[in-house]
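In terms of the working numbering, the sequence shown opens at residue 22 and continues consecutively. Glycine included, every Cβ here is placed at the ideal spot set by N, Cα and C. First up is the structure itself, then whatever we jot down about it.
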Amino acid sequence: MSMAVYAFLFVGVLTIIIDYAVDQGISQDDGKFLIIGFSVADLIGRLSFGQVIDRKLIKIKNYSGITMLLMGTLVAALPLNKSFNFMMVIMCMYGLVQGGTAIMFPILVGHYMDKSEESIAMGCLNFYGGLLMLSMAPMIGYFRDNTDLTTECSISWEVWWLLWGLFGSWNRSSSSSRRNKC
22 MSMAVYAFLF VGVLTIIIDY AVDQGISQDD GKFLIIGFSV ADLIGRLSFG
72 QVIDRKLIKI KNYSGITMLL MGTLVAALPL NKSFNFMMVI MCMYGLVQGG
122 TAIMFPILVG HYMDKSEESI AMGCLNFYGG LLMLSMAPMI GYFRDNTDLT
172 TECSISWEVW WLLWGLFGSW NRSSSSSRRN KC
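This is how it looks when you write it as C-alpha cells:
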C-alpha cells in the first residue's frame, strides 16, 4: 500500500506544481524549470541513493518511511517562501529524495517476500496505485474550483506524506520486531 500512496502523492505534486508556482507569482515559463530541476535531481537520486542502503547507513526497514517524511517536509516547506529560487531548491531536493524512494520498492519486496510471491507482490504494488489514482483528478478539480489550490491542496498532500511516513516507519519497525520474535 505504501507504493500506492507514494505514487498518488508523487504524481499529485508534479501535477499541481506549475499551477502552484503561477499562483505564487512565478511565470508559467519559469514554472517549467521546476519540473526540469526535479527531473534532473530525480535521476541523480535514482543513481546514487542505492549507496545508502548498500553501505548500511540506514536500515532497509526504515528507509522508505524516512524518505517519505523528508518528502512531506519538503512539500510542507514550499509555502514558506514564494521566490522561484526557493521553489527550485525545494523541488530539486524533493526530486533527489523521490528518486531514491522510487528504487526502493522492488528492493523492499525482495527483502520481505518469498521468491515465489515476488511477482504477485510487484503486480499488486502497481494495481493499488492505479486504483488510488482514479481519485486524483476529481480531488485536484475540487480544490482548483472551490478553494485556493495553493493552500488547501498542498496542505492535504503534506498531511498525507507526513502521516504515511510516520505510519510506514512505525509499521515496519513493529512488523520487523514481530517477525524476529517468531
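1. Mapping DSSP to helix, strand and coil, what is G66?
2. Please list, in chain order, all residues of the same chain as L101 whose beta carbon is under 8 Å from its beta carbon, the five residues on each side excluded.
3. Report yes or no: do three or more beta-carbon pairs, one from the region 82-94 and one from the region 56-63, lie closer than 8 Å?
4. Could you pull the start and end residues of the alpha helix (DSSP H) that Q119 belongs to?
5. Could you check how far apart the C-beta atoms of I81 and I74 are, in whole angstroms? I think they sit under 8 Å.
6. Can you have a look at C203 and say buried or exposed, based on whether 16 or more other CB atoms are within 10 angstroms of its CB?
7. Between the alpha carbons of V96 and S48, how many angstroms are there, rounded?
Looking at the atomic coordinates:
1. helix
2. F107
3. no
4. 105-123
5. 6 Å
6. Its pLDDT being 35, under 50, C203 is placed unreliably in this model, and the value from its coordinates should be taken loosely. Exposed, since its Cβ has fewer than 16 Cβ neighbours within 10 Å.
7. 20 Å
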